[in-house]
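**Q**
Residue numbers (the working numbering): 563 to 1008.
Below, the structure is given as structure tokens:
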């Protein structure tokens, strides 16, 4: 009876264990991120972009400060003192007095060679440059994420190819085992196939590890938390995404000149340098400032009361100050010379930014064209190597080819798959970059 009870108890526990997976909620799959979602998220959350926005706000504060210099300054001042007059010897009590003065002063720069207005213009240009820094950071992260995203897609397809290769190797080993038992192949042939099977499994592990590293790279670019999981949406890509006709290099370059932040920033830097040269020359001009103020005061021990003293001592003053530079220890001349050199440097920076942009676009264009050509050639090679491998496999099982010949054809087929895959994603990446430099959104269909 006790034995039967134990059996019933064990069966009950087993049934409960079977029910647990059905009772527990199914674990949700991580959200699949599209490329567009990755880019939008990075634009909102990237730390460097946020820091550049802070710099823009600082620049706006500096602009307000520069504009405020067009207005007079006003200040209030007051001073108070206590004086003790000891009596000589023991002739009587000491005397003391308390004094107070109050003043309201204003000053205004009437003329300083136009430096204030030029400084305002410089600060407004600096604001624009800071905004372009934000745009440049956004562009950099967009390109980096696009590259990382496509590398993941490439790695995912590479894993699939290696998985298929492992399955084929496993089937070949099983089939060869039968042939070995039947005496159709030697132990050496079978050992070579087993070795290839092990090597294929190793390559699968390597490709899986590479995929995990690339996913981690994208996660770090997005600056996700350590507990966040990242899963990438896999679009359906076809030849239309790979073999899109290329625009001309000239048209891409001309469009890029009109909006790329580094080009626009270099232009504005020239304008800033020109204003700095004008500001430096303003040191040769006289400066005129207007000063005005009112004041009053009081003292204790007087025959007049506080109110009367404040009224009687009320005073007003106004004056004009003219400062004419005669000799400034070469300070003004050096400032002008440095400003001229900075202007030349800014012009060279602008020219260099154009050259760098042209170099980048030419490289992308060349890579896009080469990748498309390689993809076409690799696709033809893949068809031929697949057919050759299938024939070699049939002939091997018929005893017409040895193991070395079979594995050679198999490796050629695998190599052709990888070459086509690499050319495919290189073409897609460079086509997307050409779109970017034409001021078109980076977008992968599918």
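Note that CB positions come from ideal geometry on N, CA and C, so glycine has one too.
Suppose you measure from the CA of residue 1000 to the CA of residue 687; what does that come to, to the nearest Å?
**A** Residue 1000 and residue 687: Cα-Cα distance of roughly 25 Å.
**Q** Whole angstroms is fine: what's the gap from residue 891's alpha carbon to residue 897's?
**A** Residue 891 and residue 897: Cα-Cα distance of roughly 11 Å.
**Q** Give a yes or no on whether the C-beta atoms belonging to residue 980 and residue 746 are separated by under 8 Å.
**A** No, these two residues do not count as a Cβ contact at 8 Å.
**Q** Using 10 angstroms around the beta-carbon of residue 823, count the other beta-carbons present and answer buried if the total reaches 16, otherwise exposed.
**A** By the neighbour-count rule (16 or more Cβ atoms within 10 Å), residue 823 is buried.
**Q** Between residue 905 and residue 836, is the Cβ-Cβ spacing less than 8 Å?
**A** It is a contact, given that the beta carbons lie within the stated cut-off.
**Q** State buried or exposed for residue 1007, treating a residue as buried only when at least 16 other CB atoms are found within 10 Å of its CB.
**A** Exposed, because fewer than 16 other Cβ atoms sit within 10 Å of the Cβ of residue 1007.
**Q** Between the Cα of residue 849 and those of 903, 971, 884, spot the shortest distance and give me the residue it belongs to.
**A** Comparing Cα-Cα distances from residue 849 to each of 903, 971, 884, the minimum goes to 884.
**Q** Going by other Cβ atoms of all chains shown within 10 Å of its Cβ, with 16 needed for buried, is residue 621 buried or exposed?
**A** Result: buried.
**Q** If distances are taken between C-alpha atoms only, which option among 638, 643, 674, 684 comes closest to residue 626?
**A** Of the listed residues, the one whose Cα sits closest to residue 626 is 684.
**Q** Please report the distance separating the alpha-carbon of residue 643 from that of residue 606.
**A** Each residue's alpha carbon lies about 59 Å from the other.
**Q** How many whole angstroms separate the CB atoms of residue 716 and residue 597, which I take to be in contact at a CB cut-off of 8 Å?
**A** Contact flag wrong, Cβ pair sits at about 14 Å.
**Q** Just list the residues that DSSP pairs residue 644 with in beta bridges.
**A** Note: residue 644 sits in a beta bridge opposite 660.
**Q** Given a cut-off of 8 Å on the beta-carbon distance, is the pair residue 678 and residue 631 in contact?
**A** Yes; because the gap between Cβ atoms is below 8 Å, this pair is in contact.
**Q** Should residue 713 and residue 618 be called a contact, given that it needs their Cβ atoms to be closer than 8 Å?
**A** Cβ distance not < 8 Å, so residue 713 and residue 618 don't count as in contact.
**Q** Please report the straight-line C-alpha distance between residue 919 and residue 758, rounded to a whole angstrom.
**A** Their Cα atoms are separated by approximately 47 Å.
**Q** Considering only residues of the same chain and omitting the five flanking positions on each side of residue 772, which have a CB-CB separation below 6 Å?
**A** Excluding residues within five positions, the ones whose Cβ falls inside 6 Å are 717.
**Q** Let me know if residue 585 comes out buried or exposed under the rule of 16 or more other beta-carbons within 10 Å of its beta-carbon.
**A** For residue 585, the predicted model reports a pLDDT of 44, less than 50, meaning its position is unreliable and no value from the coordinates is stated.
**Q** I need the straight-line Cα distance from residue 663 to residue 680, nearest angstrom please.
**A** Computed Cα separation, rounded: 39 Å.
**Q** Taking the alpha helix (DSSP H) that residue 869 falls in, what are its first and last residues?
**A** First-last of the alpha helix (DSSP H) with residue 869: 868-874.
**Q** Work out the CA separation of residue 827 and residue 988 for me, nearest whole Å.
**A** So the two alpha carbons sit approximately 30 Å from each other.
**Q** Please determine, among 783, 866, 847, the residue with the shortest C-alpha to C-alpha distance to residue 673.
**A** It is 847 whose Cα lies nearest to the Cα of residue 673.
**Q** Buried or exposed: which applies to residue 939, given that a residue is buried once 16 or more other Cβ atoms fall within 10 Å of its Cβ?
**A** Per the 10 Å Cβ criterion, exposed.
**Q** Give me the Cα-Cα distance between residue 527 and residue 761, rounded to the nearest whole angstrom.
**A** Since the first and last residues shown for the chain are 563 and 1008, residue 527 lies out of range.
**Q** Taking 8 Å as the threshold (beta carbon to beta carbon), is residue 678 in contact with chain C?
**A** As a matter of chain content, chain C is missing from the structure shown, which is built from one protein chain.
**Q** Going by beta-carbon coordinates alone, are residue 707 and residue 601 separated by less than 8 Å?
**A** Yes, they are a contact pair.
**Q** Does the Cβ of residue 958 have 16 or more other Cβ atoms within 10 Å, making it buried, or fewer, making it exposed?
**A** So residue 958 counts as buried.
**Q** Can you check whether the CB of residue 927 is closer than 8 Å to the CB of residue 996?
**A** Going by C-beta atoms, residue 996 is nearer than 8 Å to residue 927.
**Q** Mind checking whether residue 703 and residue 608 have CB atoms under 8 Å apart?
**A** For residue 703 and residue 608, yes; Cβs fall inside 8 Å.
**Q** Please say whether residue 658 and residue 667 have beta carbons closer to each other than 8 Å?
**A** For residue 667 and residue 658, no; Cβs fall outside 8 Å.
**Q** Given that a residue counts as buried once 16 or more other Cβ atoms are within 10 Å of its Cβ, and exposed if not, what is residue 694?
**A** With 16 or more Cβ atoms within 10 Å of its Cβ, residue 694 is classed as buried.
**Q** Where does residue 594 sit, in a helix, a strand or coil, going by DSSP?
**A** Three-state DSSP puts residue 594 in a strand.
**Q** Taking the straight line between their C-alpha atoms, what separation do you get for residue 587 and residue 787?
**A** Interpretation of residue 587 is limited by its pLDDT of 48, a score under 50 that renders its predicted location unreliable; the figure taken from the coordinates is listed afterwards. Spanning the two alpha carbons is a distance of roughly 24 Å.
**Q** Please go through the same chain and pick out, in chain order, the residues whose beta-carbon is closer than 6 Å to the beta-carbon of residue 724, but skip the five residues on each side of it.
**A** Cβ within range, chain order: 765, 766, 769.
**Q** So the candidates are 599, 872, 731; which of them puts its Cα closest to the Cα of residue 661?
**A** With distances taken between Cα atoms, residue 661 lies closest to 872.
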